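Participant: Using our numbering, read the sequence shown as starting at 66 and increasing by one per residue.
Glycine included, every Cβ here is placed at the ideal spot set by N, Cα and C.
Owing to the predicted nature of the structure, the values given are computational and were not obtained by experimental measurement.
One structure follows; several queries about it will come next.
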Amino acid sequence: MSSLTHRPRRLRRRESVRALMREARLAPENLVLPLFACPGEGVRKEVSSMPGVFNFSTDEVAREAARAFDAGVPAVILFGLPESKDETASGAYAAGGVVQEAIRAVRRAVPEMAVIADTCLCEYTSHGHCGVVRAGEVLNDESLELLARTAVSQAEAGADIVAPSAMMDGQVGAIREALDDAGFEHVAVMAYAVKYASAFYGPFREAANSAPSFGDRRAYQMDPANAREAMREAELDVMEGADFLMVKPAVAYLDIVRAVRERFDLPLAAYHVSGEYAMIKAAARLGWIDERRAMLETLTSIRRAGADVILTYYATEAAKLLK
Ligand code: PBG
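Here it is, written out as structure tokens:
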């Protein structure tokens, strides 16, 4: 005779019951696929530290976006590797720039897909910093104008959403104002509101060829030790007119995802970044971890922490498993 009244295991006995009881849901509609656009045609160059991730010419970007959309992924976020770089990041806001062309290519190939453009300068500056540099300093206000021009050029090319990631103070407000002045009041801003100075961006910098040539990004990205400051960053972006917020990286900062979720009512995204992807890939390649299970468990944990949207290099693969 049993003396236990409470037996949580009753609800774990078979998958159909577990499915009924499941709290956090992971679906293809939650996912955004990041893609790296480079010049040329027919180019598919794999990133060595991110197996399965490529630099694609714009024709191939369109093809990958279509594959993702067919798998149920509703959106892509686009990054660019320009032909050449300079001090003023002119490739970031060129009408015929590589990201602008990629936006048009995805728009043409998959008209229903949501197109997000990452709005930053680091891929386009010769020094690899996210803003204008003078005497070794990354200048804030001087960078705002270039970020605003970049966002407007991305909107002109057809982006639905622009995503400022430079961590310059006032960037959301400057971009909102510039978009409105140019007649793009319908274009939304996804603010990389809480972005930490993280070692987990390492592989991305290979993928986007955007490592800073001197110093690091700690004078503008956040200190990984700070949680209260994250609330302040998010609040400023809300006041400046962000349509939704993002926390980045995701996995090492699930507490921050939860805290932002609880404090703000805007939709929330989290970025499962390059290093977080590469760690699973590397362990799986060594046979040390079950890649599919680790991937789905990781993405589920980000949903459970409170993110509505997850940006992940696994988007297409995960969507296929979830369909
Ligand atoms: C641009 C930017 C970065 C990432 C997204 N946008 C790199 C950085 O800040 O150095 C990182 C994404 C990733 O690691 O997957 N500023």
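Determine which residues share a DSSP beta bridge with HIS337 and list them.
Facilitator: Here residue 337 is taken as the residue at index 272 of the sequence shown, counted from 1. Per DSSP, THR377.
Participant: Determine the extent of the alpha helix (DSSP H) in which LEU319 is found, giving its start and end residues.
Facilitator: Counting from one through the sequence shown, the residue named residue 319 turns up at place 254. Start and end: 319-328.
Participant: Check whether the Cβ of ALA317 sits closer than 7 angstroms to any heavy atom of the ligand PBG, and report yes or no.
Facilitator: Translated into the one-based positions of the sequence shown, residue 317 becomes position 252. ALA317 Cβ: outside cutoff for every heavy atom of the ligand PBG.
Participant: Using C-beta distances below 7 angstroms, list every residue in its chain close to TYR318, excluding the 5 sequence neighbours before and after it, in chain order.
Facilitator: What you label residue 318 is simply residue 253 of the sequence shown in a count that begins at 1. Closer than 7 angstroms at Cβ, skipping near neighbours: TYR261 and VAL312.
Participant: Leaving out five residues before and five after ALA359 in sequence, what residues of the same chain have Cβ atoms less than 6 angstroms from its Cβ?
Facilitator: Against the sequence shown, residue 359 aligns to sequence position 294. So the qualifying residues of the chain are ILE345.
Participant: Which value, in whole angstroms, describes the spacing of the CA atoms of ASP246 and ARG214?
Facilitator: In the sequence shown, the residue the question calls residue 246 occupies position 181. In the sequence shown, the residue the question calls residue 214 occupies position 149. Taking the straight line joining both Cα atoms gives about 11 angstroms.
Participant: Taking DSSP as the reference, what is the three-state secondary structure of PHE119?
Facilitator: Here the question's residue 119 lines up with position 54 in the sequence shown. Looking at PHE119 - three-state DSSP - the assignment turns out to be strand.
Participant: Using C-beta distances below 6 angstroms, list every residue in its chain close to ARG282, excluding the 5 sequence neighbours before and after it, in chain order.
Facilitator: On the sequence shown, position 217 is the one that residue 282 refers to. Here the set comprises ALA262.
Participant: Taking the alpha-carbon positions, what's the GLU294 to LEU69 distance?
Facilitator: For this step, residue 294 is matched to residue 229 along the sequence shown. For this step, residue 69 is matched to residue 4 along the sequence shown. Whole-angstrom Cα-Cα distance: 46 angstroms.
Participant: Taking one C-beta from the stretch 292-311 and one from the stretch 324-334 each time, how about it: are there three or more such pairs within less than 8 angstroms?
Facilitator: With the cut-off at 8 angstroms, the stretch 292-311 and the stretch 324-334 touch.
Participant: Let me know the alpha helix (DSSP H) ranges lying completely inside the stretch 191-261, each 4 residues or longer, listed in chain order.
Facilitator: Counting only runs of 4 or more, we get 206-222 and 236-246.
Participant: Here's the rule: buried if 16 or more other CB atoms are within 10 angstroms of the residue's CB, otherwise exposed. What is GLU382?
Facilitator: For the purposes of this step, residue 382 is identified with residue 317 of the sequence shown, where counting begins at 1. Buried is the call here.
Participant: Hey, quick one: how far does the beta strand (DSSP E) through ARG358 stretch, first residue to last?
Facilitator: Walking along the sequence shown from the start, residue 358 turns up at place 293. Looking at the DSSP string, ARG358 is not in any beta strand (DSSP E); the run it does join, the alpha helix (DSSP H), is 356-370.
Participant: Exposed or buried, ARG90, counting other C-beta atoms within 10 Å across all chains shown (16 or more means buried)?
Facilitator: Against the sequence shown, residue 90 aligns to sequence position 25. Its Cβ having fewer than 16 others within 10 Å, ARG90 is exposed.
Participant: Could you name the residues of the same chain whose beta carbon sits closer than 7 angstroms to that of ALA154, not counting the 5 residues immediately before and after it, in chain order?
Facilitator: Locating residue 154 in the sequence shown gives position 89, where the first residue counts as 1. The answer, listed in chain order, is LEU186, TYR189, THR190 and LEU211.
Participant: Identify the continuous alpha helix (DSSP H) that holds ASP151 and give its terminal residues.
Facilitator: Numbered from its first residue, the sequence shown carries residue 151 at position 86. It is not in any alpha helix (DSSP H) - ASP151 carries neither H nor E in the DSSP assignment.
Participant: When you compare the CB positions of ILE240 and VAL259, do they come within less than 8 angstroms of one another, or not?
Facilitator: The residue given as residue 240 occupies position 175 in the sequence shown. The residue given as residue 259 occupies position 194 in the sequence shown. No.
Participant: At which residues does the beta strand (DSSP E) containing PHE309 begin and terminate?
Facilitator: As a first step, residue 309 is located in the sequence shown; it is residue number 244 there, counting from the start. Here the beta strand (DSSP E) through PHE309 covers 309-313.
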